[in-house]
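>
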Amino acid sequence: AMPMNANGKLDLKALPPIKPARSTPRGDVCKQLSATESHLLARVRDALGREDVEIDDDFFQLGGTSLSAARLIAGLRRDYGSDVPLATVFAAPSLRHLAAELDRAGKADPLEPALQLRKAHEGAPTIFCLHPVLGIGWGYSAILKDLPEEVGVCALQSPGLTSQTNWPDLQTMARDYLTSIRAVQPEGPYFLVGWSFGGLAAQEIARQLEAEGEKIAALCLLDSFPFRTQNSEIEEAEKVRQTLVFLGEA
């Protein structure tokens with residue numbers, strides 16, 4: 513039987529670790545490591561609390577989550593003294609590829625309103641993912657491994673994470689988010705995904721786009737439902753719990 517948590521969902525932390533198949537023996541791999549790769553391996557082993565990590569492993573297949581990715585990047589920023597983008601580990605979960613990205617690290621804000629977890633190849637679509645109630649979109653990194661590599665994923669995050677932002681209603685909020693979406697993709701067709709509260713925002717954005725004559729290729733709502741008056745005020749503890757579930761930490 514699969515282990516379940518108190519919420520009746522699969523308890524990922526209780527599952528045994530998966531050892532990825534390796535085509536190169538450990539000794540041969542060690543001889544090929546650059547200084548960056550060696551340092552990255554040490555950091556990843558520390559972040560995940562396991563020693564059986566090799567340079568061609570995938571961070572998320574090893575059990576990495578959005579929060580452990582953030583901790584890893586924070587450590588790498590301290591080591592390298594540069595602003596390593598959080599999206600780097602989502603776009604390049606292979607540790608060898610991640611090391612290469614570290615060698616040419618640029619600057620990006622992990623809390624930016626439109627966080628591109630992976631840029632689409634030319635001619636391929638981008639999936640726009642709307643955040644849950646606390647405004648963080650990192651959790652959508654979990655879908656990267658299940659999508660074709662050419663497909664882009666852009667997580668829409670709340671501007672309130674870095675500045676004071678208040679909207680009078682969902683319609684006004686959706687218009688602001690639509691501006692961020694159009695900055696990445698000016699024209700349709702659009703692919704929209706929303707988890708929990710994000711489903712409401714995604715639906716309203718889709719409505720506004722259709723009203724402007726744009727085509728919606730797909731609208732996917734995940735665990736989303738309309739808020740009623742009596743439950744419109746969500747307790748802070750519940751907001752945190754929902755976000756931890758979304759980030760793979762609960």
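Each residue of the sequence shown is one higher than the one before, counting from 513 in this note's numbering.
For each residue, glycine too, the CB sits at the ideal point set by N, CA and C.
None of these values were measured; they are calculated from a predicted model.
Can you tell me the Cα-Cα spacing of Leu731 and Phe703, whole angstroms?
Cα-Cα distance, rounded: 6 Å.
> Within the continuous beta strand (DSSP E) that includes Arg630, where are the two ends?
Where Arg630 is concerned, the enclosing beta strand (DSSP E) stretches over Ala626 to Arg630.
> Would you list the residues sitting across from Thr638 in a DSSP beta bridge?
According to DSSP, which records beta bridges pairwise, Thr638 is partnered with Gly664.
> Check this for me: beta carbons of Tyr652 and Ala636, under 9 Å apart or not?
Against a cut-off of 9 Å, the Cβ pair of Ala636 and Tyr652 comes out as no contact.
> Whole angstroms are fine: how far does the CA of Arg608 sit from the CA of Ile567?
Ile567 and Arg608: Cα-Cα distance of roughly 5 Å.
> For the alpha helix (DSSP H) that Val556 lies in, which residues bound it at each end?
Taken as a continuous stretch (DSSP letters only), the alpha helix (DSSP H) holding Val556 covers Ala547 to Leu560.
> Run through the DSSP bridge pairs and tell me what Leu704 is partnered with.
In the DSSP output, where bridge partners are listed per residue, Leu704 has Phe640 and Leu731.
> Fully enclosed by the stretch 672-696, which alpha helix (DSSP H) runs are 4 residues long or longer?
DSSP runs (the alpha helix (DSSP H)) wholly in the stretch 672-696: 682-696.
> CB Leu552 to CB Pro605, shorter than 9 Å?
No, these two residues do not count as a Cβ contact at 9 Å.
> Helix or strand or just coil, what does DSSP make of Ser736?
Looking at Ser736 - three-state DSSP - the assignment turns out to be coil, as it is neither helix nor strand.
> Helix, strand or coil: how does DSSP classify Ser606 here?
In the structure shown, Ser606 sits in a strand (DSSP, three-state: E or B).
> Quick check: what's the CA-CA separation for Ala612 versus Gln628?
Between Ala612 and Gln628, the C-alpha separation is close to 19 Å.
> Just tell me which of Pro625, Asp681 and Pro515 has its CA closest to the CA of Pro671.
Per the Cα distances, Pro625.
> Can you tell me the Cα-Cα spacing of Lys727 and Gly700, whole angstroms?
Using only the alpha carbons, I get a separation of about 6 Å.
> On a CA-only basis, which of Thr600, Thr577 and Asp688 is nearest Leu642? Give me that one, please.
Among Thr600, Thr577 and Asp688, the Cα nearest to that of Leu642 belongs to Asp688.
> Comparing C-alpha positions only, which one of Ser692, Lys631 and Asp591 sits nearest to Leu659?
With distances taken between Cα atoms, Leu659 lies closest to Lys631.
> Assign Pro680 to buried or exposed, taking buried as 16 or more other Cβ atoms, counted over all protein chains shown, within 10 Å of its Cβ.
Result: exposed.
> Thinking just about the alpha-carbon of each residue, which of Ala654, Phe640 and Arg557 is nearest to the one in Phe691?
In the sequence under discussion, the amino acid at residue 691 is Thr, which differs from the Phe named in the question. Out of Ala654, Phe640 and Arg557, Phe640 has the C-alpha closest to the C-alpha of Thr691.
> Under the assumption that Val556 contacts Leu584 (Cβ atoms under 8 Å), give the Cβ distance between them as a whole number of angstroms.
Indeed, because the Cβ distance is near 6 Å, the residues count as touching under 8 Å.
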